[in-house]
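**Q** In our numbering, the protein residues as written are 14 to 245.
1) Which runs of the alpha helix (DSSP H) spanning at least 4 residues fall entirely within the stretch 62-114, listed in chain order?
2) With a threshold of 6 Å on Cβ separation, who are the neighbours of residue 23 within its own chain once the five nearest residues in sequence on each side are excluded?
3) By Cβ distance, which residues of its chain are closer than 8 Å to residue 110, with the 5 residues on each side in sequence left out?
4) Whole angstroms is fine: what's the gap from residue 36's alpha carbon to residue 93's?
5) With H, G and I counted as helix, E and B as strand and the rest as coil, what does DSSP make of residue 123?
6) Short check: CB of residue 40 to CB of residue 89, under 8 Å?
7) Which residue's Cα is closest to the Cα of residue 43: 160, 108 and 117?
8) Considering just the uninterrupted stretch of the beta strand (DSSP E) at residue 33, what are its terminal residues?
9) Would you identify the three-state DSSP class for residue 138, choosing helix, strand or coil?
10) Comparing alpha-carbon positions, which option in 171, 151, 152 and 150 lies nearest residue 160?
11) From residue 127 to residue 138, what does the alpha carbon distance come to, in whole angstroms?
12) Name the two residues that bound the continuous beta strand (DSSP E) containing residue 172.
13) Which value, in whole angstroms, describes the spacing of the CA atoms of residue 219 and residue 61?
14) Determine the contact status of residue 179 and residue 236, defining contact as a CB-CB distance below 8 Å.
15) Going along the chain, which residues of its own chain have a beta-carbon closer than 6 Å to the beta-carbon of residue 229, five neighbours each way excluded?
16) Hey, which unbroken runs of the alpha helix (DSSP H) at 4 residues or more fall wholly within the stretch 158-242?
17) Would you list the residues sitting across from residue 152 in a DSSP beta bridge?
18) Just the C-alpha distance for residue 142 and residue 187, rounded to the nearest angstrom, thanks.
19) Could you check the C-alpha separation between residue 57 and residue 66 for me, to the nearest Å?
20) Could you tell me how far apart the beta carbons of residue 107 and residue 74 are, in whole angstroms, since I believe they sit closer than 8 Å?
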């Protein structure tokens with residue numbers, strides 16, 4: 014995977030917001046079997062802080078909502094960048110922040126909510142609520158068994174559909190859990206990358222027909238391409 018060229022964008026449809034793709038230290042887990050998105054990280058903290066300030070400098074506050082993403086968890090951003098996000102929230106009149114975290118940081122989420130001083134929508138890459146597929150095939154290192162455990166810490170699960178080995182029943186269960194236990198969610202249609210995990214085109218076609226209604230659901234964002242948010 015190449016290094017992303019576009020790091021700032023505006024989402025104008027569901028939940029209008031500005032979105033920034035920042036650089037962070039390496040993902041603390043970094044072993045998900047489907048992920049090759051770990052190239053966009055680094056170890057030079059000063060360089061990352063400088064780049065992230067350039068990206069955050071594009072935020073205007075026009076929607077009053079900001080999303081910050083990186084190739085890992087929000088907690089892996091340099092501490093200075095986390096403080097810079099706080100500054101942008103204050104300076105640009107941001108009233109709501111979206112960010113993402115791995116399950117391993119769940120006990121840090123409450124503290125970060127307090128630090129940001131505005132309502133935070135914490136996303137989490139669940140991928141699937143099927144324990145065996147998530148842990149043994151996708152190697153997520155996220156050992157929860159029930160969706161209620163996730164909802165205790167996080168606001169918005171990110172699901173992945175169309176992976177070879179998934180079943181229609183698994184996807185149906187995942188969508189049901191999303192709608193039953195969470196106010197918001199994201200569904201990512203899997204695209205082949207440099208990992209051995211492959212896309213099931215037949216399953217994707219079924220999902221796009223069976224769950225077409227999700228595209229009109231104001232609580233769910235469906236990403237057919239990984240760059241659908243305009244960054245990457």
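Ideal Cβ positions, reconstructed from N, Cα and C, are used throughout, including at glycine.
**A** Put simply:
1) Listed in chain order, they are 92-104.
2) 31
3) Excluding five sequence positions before and after residue 110, the CB atoms of its chain that fall closer than 8 Å to its own CB belong to 78, 79, 80, 81, 98, 102, 129, 131, 132, 133 and 134, given in chain order.
4) 12 Å
5) helix
6) yes
7) 117
8) From DSSP, the beta strand (DSSP E) with residue 33 extends over 30-34.
9) strand
10) Closest by C-alpha distance to residue 160, out of 171, 151, 152 and 150, is 171.
11) 22 Å
12) 169-174
13) Approximately 41 Å between the Cα atoms of the pair.
14) no
15) Only residues of its own chain outside the window of five on either side were considered, and among them none has a CB closer than 6 Å to the CB of residue 229.
16) 160-164, 181-194 and 214-223
17) Residue 152 is not bridged to any residue.
18) 6 Å
19) In this model, residue 57 and residue 66 are separated by some 14 Å (Cα to Cα).
20) The pair is a contact, with the Cβ atoms about 6 Å apart (cut-off 8 Å).
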